[in-house]
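S.K.:
Number of protein chains: 2
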Amino acid sequence: MSRLDELAVIERLTRSLSLGRSGLWSVGDDGALLAAQDRLVVTDAMVEGRHFDLRWSSWSDVGFKLLARNVSDIFAMGGRPTAMLLTLALPCNLAAAALDAFAKGLETAAARWGNPVLIGGDTTSVDGPAVLTLTLFGKRGSRLLARSGGRAGDRLWVDGPLGLAAAGLALLASGESHRSEVAVAAHRRPSPKPLLPGAMRAAHACIDISDGLLLDASRLASASGCGLVVTEVLPGREQLQPLARDREELAAWQLTGGDDYVRLVSASASPGRGWSPVGRLTADEGCFIEREDGTLYAAAPSGYLHHFGQP
Amino acid sequence: MSRLDELAVIERLTRSLSLGRSGLWSVGDDGALLAAQDRLVVTDAMVEGRHFDLRWSSWSDVGFKLLARNVSDIFAMGGRPTAMLLTLALPCNLAAAALDAFAKGLETAAARWGNPVLIGGDTTSVDGPAVLTLTLFGKRGSRLLARSGGRAGDRLWVDGPLGLAAAGLALLASGESHRSEVAVAAHRRPSPKPLLPGAMRAAHACIDISDGLLLDASRLASASGCGLVVTEVLPGREQLQPLARDREELAAWQLTGGDDYVRLVSASASPGRGWSPVGRLTADEGCFIEREDGTLYAAAPSGYLHHFGQP
Chain A
1243 MSRLDELAVI ERLTRSLSLG RSGLWSVGDD GALLAAQDRL VVTDAMVEGR HFDLRWSSWS
1303 DVGFKLLARN VSDIFAMGGR PTAMLLTLAL PCNLAAAALD AFAKGLETAA ARWGNPVLIG
1363 GDTTSVDGPA VLTLTLFGKR GSRLLARSGG RAGDRLWVDG PLGLAAAGLA LLASGESHRS
1423 EVAVAAHRRP SPKPLLPGAM RAAHACIDIS DGLLLDASRL ASASGCGLVV TEVLPGREQL
1483 QPLARDREEL AAWQLTGGDD YVRLVSASAS PGRGWSPVGR LTADEGCFIE REDGTLYAAA
1543 PSGYLHHFGQ P
Chain B
1243 MSRLDELAVI ERLTRSLSLG RSGLWSVGDD GALLAAQDRL VVTDAMVEGR HFDLRWSSWS
1303 DVGFKLLARN VSDIFAMGGR PTAMLLTLAL PCNLAAAALD AFAKGLETAA ARWGNPVLIG
1363 GDTTSVDGPA VLTLTLFGKR GSRLLARSGG RAGDRLWVDG PLGLAAAGLA LLASGESHRS
1423 EVAVAAHRRP SPKPLLPGAM RAAHACIDIS DGLLLDASRL ASASGCGLVV TEVLPGREQL
1483 QPLARDREEL AAWQLTGGDD YVRLVSASAS PGRGWSPVGR LTADEGCFIE REDGTLYAAA
1543 PSGYLHHFGQ P
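Line order of the protein sequences matches chains A and B. The numbering of the first sequence is my numbering, which starts it at 1243 and goes up by one. The numbering of the second sequence is my numbering, which starts it at 1243 and goes up by one.
1) Under three-state DSSP, which class holds GLU1290 of chain A?
2) Considering only the beta carbon of each residue, do ALA1353 of chain A and THR1324 of chain A sit closer than 9 Å?
3) Taking the continuous alpha helix (DSSP H) assigned at PRO1439 of chain B, which residues delimit it?
4) Based on the DSSP output, what are the partners of LEU1376 of chain A in its beta bridges?
5) Determine the extent of the beta strand (DSSP E) in which SER1367 of chain B is found, giving its start and end residues.
6) Is the CB-CB distance between ASP1315 of chain A and GLY1536 of chain B below 9 Å?
7) Quick check: TRP1495 of chain B and LEU1406 of chain B, are their CB atoms within less than 9 Å of each other?
8) Measure the C-alpha to C-alpha separation of ALA1415 of chain A and VAL1368 of chain B and round it to an integer number of angstroms.
9) With DSSP run on the structure shown, which of helix, strand or coil describes THR1537 of chain A?
10) How many angstroms separate the CA atom of SER1452 of chain A from the CA atom of HIS1446 of chain B?
11) Determine, using beta carbons only, whether MET1442 of chain B comes closer than 9 Å to chain A.
12) Answer with buried or exposed for TRP1267 of chain A, where buried requires no fewer than 16 other C-beta atoms within 10 angstroms of its C-beta.
13) For the alpha helix (DSSP H) containing ASP1315 of chain A, name the first residue and the last one.
14) Applying the criterion that 16 or more other CB atoms from any shown protein chain within 10 Å of the CB defines a buried residue, is ASN1312 of chain A buried or exposed?
15) Between SER1390 of chain A and GLY1320 of chain A, is the Cβ-Cβ spacing less than 9 Å?
16) Of all the CB atoms in chain B, is at least one closer than 9 Å to the CB of VAL1400 of chain A?
17) Tell me CYS1334 of chain B's beta-bridge partners as DSSP assigns them.
18) Using CA atoms only, rank isn't needed, just tell me which of A:VAL1475, A:GLY1362, A:LEU1485 and A:ALA1250 is closest to SER1422 of chain A.
19) State the Cα-Cα distance for the pair THR1256 of chain B and THR1329 of chain B, rounded to the nearest angstrom.
20) Could you check the C-alpha separation between GLU1527 of chain B and LEU1360 of chain B for me, to the nearest Å?
21) Measure the Cβ-Cβ separation of SER1228 of chain A and GLY1395 of chain A and say whether it is below 9 Å.
22) Can you tell me whether GLY1383 of chain A sits near the ligand NAD, meaning its C-beta is under 8 Å from at least one heavy atom of the ligand?
23) Please classify LEU1378 of chain B: is it buried, with 16 or more other beta-carbons within 10 angstroms of its beta-carbon, or exposed?
24) Measuring CA to CA, which of A:PRO1403, A:ALA1339 and A:LEU1327 is closest to PRO1432 of chain A?
25) So, helix, strand or coil for ALA1511 of chain A, using DSSP?
26) Considering only their Cβ atoms, is the gap separating VAL1520 of chain B from ALA1444 of chain B smaller than 9 Å?
27) Is PRO1484 of chain A helix, strand or coil by DSSP?
28) If we count the other Cβ atoms within 10 Å of its Cβ and call it buried at 16 or more, is ARG1505 of chain A buried or exposed?
29) Find the nearest neighbour of ASP1512 of chain A within the set A:SER1460, A:GLY1499, A:ASP1401 and A:GLU1532, judged by alpha-carbon distance.
30) So is SER1508 of chain B in contact with chain A if we call contact Cβ pairs under 9 Å?
31) Check whether the Cβ atoms of ALA1540 of chain B and PHE1530 of chain B lie closer than 9 Å to each other.
32) Determine whether the beta carbon atoms of ALA1345 of chain B and ALA1287 of chain A lie at a separation below 9 Å.
33) Kindly indicate which three-state DSSP category SER1268 of chain A falls into: helix, strand or coil?
34) Would ALA1318 of chain B count as contacting chain A if we go by Cβ distances under 9 Å?
35) Among B:LEU1296, B:ARG1393, B:LEU1282 and B:ALA1339, which one has its Cα closest to the Cα of CYS1468 of chain B?
36) To the nearest angstrom, how far is the alpha carbon of VAL1284 of chain B from that of ILE1252 of chain B?
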């Protein structure tokens, strides 16, 4: 294990990642000049012990997921990733090999999603859990999607299964990861998908589901001035049923699990192949779940939120 | 002390800070659309126990300094602040009053430096020291300054005293803060200055001094392909002399102290009133300090760097 200073950290990171294309930025510089196209911006932090656990994710998984989470947000706006800033608060005893693995995972993710270039950031040490922040820039697609464009009567659609990552985390935590490679992979290396032209045309509003379907769908409904009905039968259910202890666990994974990184679109017609209906926006306020028999019951729009303050 | 979730944290922050002007971003949104002018970007993190110590800085000071540090970088590029992203990893037991004080300090700094608007960010909890990251956008000035434009023969100039903040921190740590209000204030609430038109015209290269004169001047010299001579007599010396134990402490504060947040400009003529000469760029490699009698001695370009890895 060698001892690194922050310049060596930056050198190791930039060895595998593309350097900034801006003539202004160079390794160690504090500022960058954005390209005229880099108009979309999202940012997302991952905290050791909160968003990742090194008992069941490698540093390479963490690097991959840090970019994937941000890519998911850019995709939900209808954009494509172009450039990134990376701010790392790292424990003093972090091994060089861990850093190399982190960079490798980030590089693998970057290669998958259009090779956004690293244009700057900040590196510091911390006497505590690692805090990794990525700020991702993107160029606009043919439209700019927001969560506020939904209309009463719209149906809601998602572009992937719900609850898979939550199930994967539960399996890892209980030592049963062998029961579903797919669920474990969904937790470790989420794979957000860009909106294809058909979905871009159909969508009235879009949001990335990262804190659970109920909470994020409520955010879209609320921003659109609508109420919400979510169906009980959701994509991924058949895959997850054999993994869940009971109906309650299955519902918790699918409705409030978090870490899905699928897109939720509000549209009057289907956004295209690969999209599954999960509910609808209503003119009346409130958040309801629709049983298979068509009856409704009220639900709290809960999901993953961080809490602060002395209880 | 009330218990807050992350939405309440965002609500408290945005109560005092201007909301994003972008129609796309609203409280809780993950993404923003940058204005066409927001082309400059800098980012800087502050870690509890590394960059600030709550024994001698208030949460309000910390909020102020977080923005000031980033403003200093934007000013060094010749720009003006316009918009910001704020990513906070906060201890679970953080009191609401601490958060309000932090927001108040940030707001005070924002009011001083052109009211950059908050356009987004991320809030999370951490089982450890707080990690506060600010990403600041800016619009370009009449020129875009980089650290790489210096020429052999240029003189080096700074727009403020050197070592004042380091002296302030030393006084706070030794319980002697009463000995210099100015030094203590320089540590708690740095006050970076924008480049005026005369300095913008004169400057061949510019860098923000945050890690100490020697290290940052070496970065400018190195990026410009030059060597470096720094004078032993530096601005702020007379103020600091009575506070320092000896010549070594004085030199350490002024040459390697860090946290100065003054701009270092490389130019053939003076950048204007308020600028003090501190050395020159040379065609020969190396880093030297020039004694009052004109003799030179070699110096390591040292300053504050974070270190990682098992020793």
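Backbone N, C-alpha and C fix where the C-beta goes; we use that ideal spot for every residue, glycine too.
M.R.: Reading off the structure:
1) strand
2) no
3) 1439 to 1444
4) A:ASP1286 and A:LEU1328
5) 1359 to 1368
6) no
7) yes
8) 20 Å
9) coil
10) 47 Å
11) no
12) With a pLDDT of 49 at TRP1267 of chain A, under the threshold of 50, the predicted position of this residue should be treated as unreliable, and no value is reported.
13) 1301 to 1318
14) buried
15) no
16) no
17) According to DSSP, which records beta bridges pairwise, CYS1334 of chain B is partnered with nothing at all.
18) A:LEU1485
19) 13 Å
20) 44 Å
21) Residue 1228 of chain A falls outside the range modelled here, since chain A spans only 1243 to 1553, and no answer is possible.
22) Questions concerning the ligand NAD fall outside what the structure shown contains, since it holds no ligand whatsoever.
23) buried
24) A:PRO1403
25) coil
26) no
27) helix
28) buried
29) In the sequence on display, residue 1512 of chain A carries Ser and not Asp. Of the candidates A:SER1460, A:GLY1499, A:ASP1401 and A:GLU1532, the one whose C-alpha sits nearest the C-alpha of SER1512 of chain A is A:ASP1401.
30) no
31) yes
32) no
33) Residue confidence is low: SER1268 of chain A scores 47 on pLDDT, short of 50, so the model does not pin down where it sits. No coordinate-derived value is stated.
34) yes
35) B:ARG1393
36) 22 Å
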